[in-house]
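J.: Numbering (our numbering), first residue to last: 12 to 202.
Below, the structure written as structure tokens:
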């Protein structure tokens, strides 16, 4: 379960791209759709450091056991994010990630398990964003592409904000414009 939604619980650390980072981002990009229309004016600093709740998630087996989920950011020496998922069986799952680099609308991150950095590298592409309102994320990486034949995308809302009808129209248009494969479903108390 934490595999997908866990990708959102990240400890984020933004760093300058080194040659090894460039190799890793190229490896991640090889497993991603690179035709996604990223949000050109995305400003990572306006997104990081806040709490978001998941509203829409991929309609896959891994997300069906979740009641709700949240993404929180923390900055130590770098940005990290943590995904906390409340499951229907009453338990809770936490996943941790470090932000490795940000390239325009692309956020490259690495998963941590038991405080140790793993070889699981992923990329979010921001394809819709309204500061302090919502963010739309396309998620990809090698193990995700090998496991799922759908585009993994998520809608998160800031704090306790709920998108307006007008914003939901924008959100739907962003999905249509990217010709995504697979469906998304609601999660949380409003569904």
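All residues carry an ideal CB built from backbone N, CA and C; glycine is no exception.
So if DSSP puts residue 195 in a beta bridge, which residue, or which two residues, is it bridged to?
T.: 69.
J.: Are the CB atoms of residue 118 and residue 110 within a distance shorter than 9 Å?
T.: Contact: yes.
J.: So the beta strand (DSSP E) residue 123 belongs to, where does it begin and stop?
T.: Taken as a continuous stretch (DSSP letters only), the beta strand (DSSP E) holding residue 123 covers 117 to 124.
J.: Between which two residues does the beta strand (DSSP E) carrying residue 148 extend?
T.: Counting along the chain, the beta strand (DSSP E) containing residue 148 begins and ends at 145 to 151.
J.: Determine, using beta-carbon pairs with one atom in the segment 138 to 149 and one in the segment 160 to 174, whether at least three such pairs fall under 8 Å.
T.: Enough Cβ pairs lie closer than 8 Å, so yes.
J.: Taking the beta carbon of residue 87 as the centre, do at least 16 other beta carbons fall within 10 Å, making it buried, or is it exposed?
T.: The residue is exposed, with fewer than 16 neighbouring Cβ atoms inside 10 Å.
J.: Do you know how far the Cα of residue 169 is from the Cα of residue 77?
T.: About 19 Å.
J.: Quick check: what's the CA-CA separation for residue 171 versus residue 129?
T.: C-alpha separation (whole angstroms): 32 Å.
J.: Compare the Cα-Cα distances from residue 100 to each of 40, 185 and 79 and report the closest residue.
T.: Checking every option, the nearest Cα to that of residue 100 belongs to 79.
J.: Per DSSP, which residues does residue 92 bridge with? Please list them.
T.: The partner list for residue 92 (beta bridge, DSSP) reads 108.
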